[in-house]
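These notes concern the structure reproduced below.
Numbering (our numbering), first residue to last: 11 to 215.
Here is the structure:
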């Protein structure tokens with residue numbers, strides 16, 4: 011038994027070391043070899059996260075107020091609650107994990123722009139994927155799904171280009187965002203259980 015535990019411990023240490031090396035090497039490859047003329051573009055993409063993630067559900071709710079559209083209202087509530095859940099989970103996770111920013115540990119990483127205190131998971135990425143996933147569930151059309159996921163992917167990549175997150179931070183953020191959309195979908199459909207089927211957030215209308 012002791013040999014098995016020792017073997018498992020060695021495998022864990024080796025895997026953890028490999029993951030850490032992959033993390034920083036991938037970030038260095040992206041950040042240090044970046045096209046610097048695109049720095050402002052990727053800063054703009056990063057900065058668009060909150061306005062887009064919170065602006066879309068607010069706009070949908072405003073449409074409901076103007077047109078008394080209960081379907082749009084339910085979709086707005088679903089998308090908005092998804093982004094809020096994602097923001098809460100990512101904020102709490104950062105404070106629990108307390109992973110320092112790459113530039114705080116590796117001086118060669120060129121961090122561009124301001125970033126928060128902790129790194130894991132990427133809050134920008136989690137909010138972007140929360141919006142993209144929930145919008146895709148609410149409006150199941152390719153011309154809606156494709157643009158929002160391209161935007162979410164660009165947000166995630168921008169965090170690497172700007173040197174403020176590790177790749178695993180971005181991946182974790184995407185998982186948190188998508189997971190929040192699933193959790194919110196279940197919660198909202200439970201709350202709207204007695205509503206007509208056409209009013210459910212996943213109707214695609």
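Note that beta-carbon positions come from the ideal geometry of N, C-alpha and C, so glycine has one too.
Distance from the CA of residue 109 to the CA of residue 100, rounded to the nearest whole angstrom, comes to 12 Å.
In the structure shown, residue 58 falls within a coil segment according to DSSP collapsed to helix, strand and coil.
When the alpha-carbon of residue 189 is set against those of 89, 129, 59 and 175, the nearest one is in 89. Along the segment 103–173, the alpha helix (DSSP H) occurs as fully enclosed runs of 4 or more residues at 112–115, 133–148 and 152–171, listed in sequence order.
Between the C-alpha atoms of residue 123 and residue 112 there is a straight-line separation of about 13 Å. Approximately 16 Å separates the beta-carbon atoms of residue 93 and residue 72; this is outside 8 Å, ruling out the contact. With a threshold of 16 other beta carbon atoms within 10 Å, residue 46 falls short and is exposed. Between the alpha carbons of residue 166 and residue 174 lies a distance of about 11 Å.
Taking 9 Å as the cut-off, the beta carbon of residue 168 is found no closer than this to the beta carbon of residue 136. A straight-line Cα-Cα distance of about 43 Å links residue 150 and residue 118.
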